[in-house]
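Enquirer:
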Amino acid sequence: MTTDTPDAAPVAQKPTIVLIHGLWLTPLSWEGWKQRFESKGHAVLAPAWPGLEGTVEEVRQNTSRYERLGIKEITDHYDGIIRGLGAPPIIMGHSFGGLITQLLLDRGLGASAVAISPAQIKGVYILPLAQAKVASVALKNPANRHTTQMLTPEEFHYGFTNTLTLEESKPIYDRLAVPGPGRTLFQAAFANFTPHAVTTVNRHNSSRAPLLFLANGKDHTVPAVSTRAAYNIQQKTGALTELKEYPNRSHYTFSQDGWEEVADYSLDWAVRNART
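Per full-length UniProt numbering: the sequence shown = residues 1 to 276.
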C-alpha cells in the first residue's frame, strides 16, 4: 500500500542582484561583492557601462567608444538589462552607479536598492571642497564635456584610497582605474541650473522600491554630507528610505578592509526589504 505525501513547498528563489559601478572604474571593482553574493545563492549581474566592456586594459586603450557617454544613456542601458529579467532585482550602485540606481528606481524598477556614496541627484546643493577638487579633473575645462579624463595616481589616491598611503594606493590604481566620460560630471554638476535635468527624481514617488543609502565619513569624492542630502530628498517621498553611515570608510569602500561587513549589511537590508 502506498500513501500519498504532500509535495514539498517550493523554495523561494533568491532575488537576482544587479551591481552598477561608478565613474573611473569598471565592473572589476565589484569582484568581491559578486563572488560573496553568489556564494550566498544569488544570481549576480555586474554589467559595464555601455562602451566600457572588456578588460581594464582594453577600456583604457579604446575610450572613443564612450567618450560622449551621458547619464541617460547609462540609465537606459541598465533599464534594458533589468526589464529583461524574470523578476525585479535588487539594485546596488556605487558613486555614479548610486545615482543611476536612484534613477532606475524612479522608473519603477527594482525590488529594493542600495546607493553607496551616490553622485548627486538634482536638488543636492552641497558641494564640499574635497568633492569639488575631485570633480575639477573634468570641470576645469568645458572641452572635457566631450572627452574622457584619466585620474593621475595622486588624484586617484585623493579621491578613492585616501585612507591608504600613496604607495599602497598605486597597485590599486594600476589594476582598477580607467578614464571616465566627462559629460557625466558636467550633467551632475550643473543639474540644479538645468531644466528637466537627467538627474531629476520624482520627490513624490511614494511607490518606488525601498532604498538604503550608505555614507562614508572619509570619502573625498562623495562626502557623507552629500549622501545625507540625497537621503533627505528621497525620504520625503514617503517610500522606505534609510541611511547607514561608516565614519572611517573612503570612496574605495567596495574593497577597503572590512568591505565584507558592508556587503553583508547591504544584502541583508535589501533582501529583508525587497518587494515581492
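We treat Cβ as the ideally placed atom computed from N, Cα and C, and that holds for glycine.
Check each candidate in H77, R68, L25, A111 and name the one with the smallest Cα separation from T16.
Expert: In the sequence shown, the residue the question calls residue 16 occupies position 16. Scanning H77, R68, L25, A111 for the CA closest to the CA of T16 turns up A111.
Enquirer: Sort out for me which residues DSSP pairs M92 with in a bridge.
Expert: To locate residue 92, count along the sequence shown from 1; it is residue 92. M92 pairs with L19, V114.
Enquirer: Looking at C-alpha atoms only, which residue of T199, A274, G22, Y158 is the closest neighbour of L211?
Expert: By 1-based counting over the sequence shown, the position of residue 211 is 211. Answer by Cα proximity: A274.
Enquirer: Quick one: what's got a C-beta closer than 6 Å to T5's C-beta in the same chain, skipping five residues either side?
Expert: For the purposes of this step, residue 5 is taken as residue 5 along the sequence shown, with counting starting at 1. The pLDDT assigned to T5 is 48, lower than 50, so where the model puts this residue is not dependable; a value taken from the coordinates is nonetheless given after this. Result list for T5: empty, nothing under 6 Å.
Enquirer: Who are the near neighbours of R60 in its chain, counting only those whose CB is closer than 8 Å to its CB and skipping five residues on each side?
Expert: Start at 1 with the first residue of the sequence shown, and residue 60 comes out as number 60. The residues are M150, V178, P179.
Enquirer: Over what stretch of residues does the beta strand (DSSP E) that includes F37 continue unbroken?
Expert: Locating residue 37 in the sequence shown gives position 37, where the first residue counts as 1. Element bounds for F37: not the beta strand (DSSP E) but the alpha helix (DSSP H), 31 to 39.
Enquirer: Between the segment 235 to 247 and the segment 206 to 225, can you find at least three pairs of beta-carbon atoms closer than 8 Å?
Expert: Yes, the segment 206 to 225 touches the segment 235 to 247.
Enquirer: Scan the segment 142 to 228 and note each continuous beta strand (DSSP E) run of 3 residues or more that stays entirely inside, going in chain order.
Expert: Considered as a whole, the segment 142 to 228 harbours 211 to 216 as its complete beta strand (DSSP E) runs of no fewer than 3 residues, in chain order.
Enquirer: So, at 8 Å on beta carbons, what are the nonlocal neighbours of P128 in its own chain, with the 5 sequence-adjacent residues on each side left out?
Expert: Walking along the sequence shown from the start, residue 128 turns up at place 128. Excluding positions up to five away in sequence, the list reads P223, V225, S226.
Enquirer: Using a Cβ distance threshold of 8 Å, determine whether the segment 66 to 77 contacts the segment 85 to 92, with at least three qualifying pairs required.
Expert: no
Enquirer: Between A130, A143, W33, which lies nearest to S250 when the distance is taken from Cα to Cα?
Expert: Residue mapping note: residue 250 aligns to position 250 of the sequence shown, counting from 1. Of A130, A143, W33, the residue nearest in Cα terms is A130.
Enquirer: Indicate whether residue 309 and S206 have their beta-carbon atoms separated by less than 8 Å.
Expert: Lying outside 1 to 276, the shown extent of the chain, residue 309 is not represented and no answer is given.
Enquirer: Less than 8 Å between the C-beta atoms of T161 and Y231, yes or no?
Expert: To locate residue 161, count along the sequence shown from 1; it is residue 161. To locate residue 231, count along the sequence shown from 1; it is residue 231. The criterion of a C-beta distance shorter than 8 Å is not satisfied by T161 and Y231.
Enquirer: Can you look up P50 in the DSSP assignment and give me helix, strand or coil?
Expert: Start at 1 with the first residue of the sequence shown, and residue 50 comes out as number 50. In this structure, P50 counts as coil in the three-state DSSP scheme.
Enquirer: Using 8 Å as the cut-off, can you tell me whether the segment 131 to 144 makes contact with the segment 254 to 269, which would need three or more C-beta pairs spanning the two stretches below that distance?
Expert: no
Enquirer: Name the DSSP bridge partner or partners of T241?
Expert: Translated into the one-based positions of the sequence shown, residue 241 becomes position 241. Looking at the DSSP assignment, T241 forms a beta bridge with L211.
Enquirer: Applying the 10 Å Cβ sphere with the 16-neighbour rule, what's the burial state of Y125?
Expert: If you number the sequence shown from 1, residue 125 lands on position 125. Counting Cβ neighbours within 10 Å, Y125 comes out exposed, since fewer than 16 surround it.
Enquirer: Which same chain residues end up closer than 6 Å to P27 when comparing Cβ atoms and leaving out the 5 residues on each side of it in sequence?
Expert: For the purposes of this step, residue 27 is taken as the residue at position 27 of the sequence shown. The answer, listed in chain order, is H21, A46, A48.
Enquirer: Compute the Euclidean distance between the alpha carbons of T101 and A43, then round it to the nearest angstrom.
Expert: For the purposes of this step, residue 101 is taken as the residue at position 101 of the sequence shown. For the purposes of this step, residue 43 is taken as the residue at position 43 of the sequence shown. Between T101 and A43, the C-alpha separation is close to 18 Å.
Enquirer: Could you check the C-alpha separation between I91 and P181 for me, to the nearest Å?
Expert: The count along the sequence shown starts at 1 and reaches residue 91 at position 91. The count along the sequence shown starts at 1 and reaches residue 181 at position 181. Each residue's alpha carbon lies about 23 Å from the other.
Enquirer: With burial defined as no fewer than 16 other Cβ atoms inside 10 Å of the residue's Cβ, what is the status of S39: buried or exposed?
Expert: On the sequence shown, residue 39 is found 39 positions in, with the first residue counted as 1. Taking a 10 Å sphere around the C-beta of S39, we find fewer than 16 other C-beta atoms and assign the residue as exposed.
Enquirer: H220: which of R203, S95, V271 sits nearest, CA to CA?
Expert: Here residue 220 refers to the residue found at position 220 of the sequence shown. For H220, the nearest C-alpha among the options comes from S95.
Enquirer: Measuring CA to CA, which of L103, E245, Y158 is closest to S122?
Expert: Taking the sequence shown and counting its residues from 1, the one referred to as residue 122 is at position 122. Here residue 122 is Lys; the residue named in the question, Ser, does not match the sequence. Ranking the options by Cα distance to K122, first place goes to L103.
Enquirer: Is it buried or exposed for D268, if we count other Cβ within 10 angstroms and need 16 for buried?
Expert: Mapped onto the sequence shown, residue 268 falls at position 268. Exposed, since its Cβ has fewer than 16 Cβ neighbours within 10 Å.
Enquirer: If you run the structure through DSSP and keep just helix, strand and coil, what is V44?
Expert: As a position in the sequence shown, residue 44 is number 44, starting the count at 1. V44: strand per DSSP, three-state reduction.
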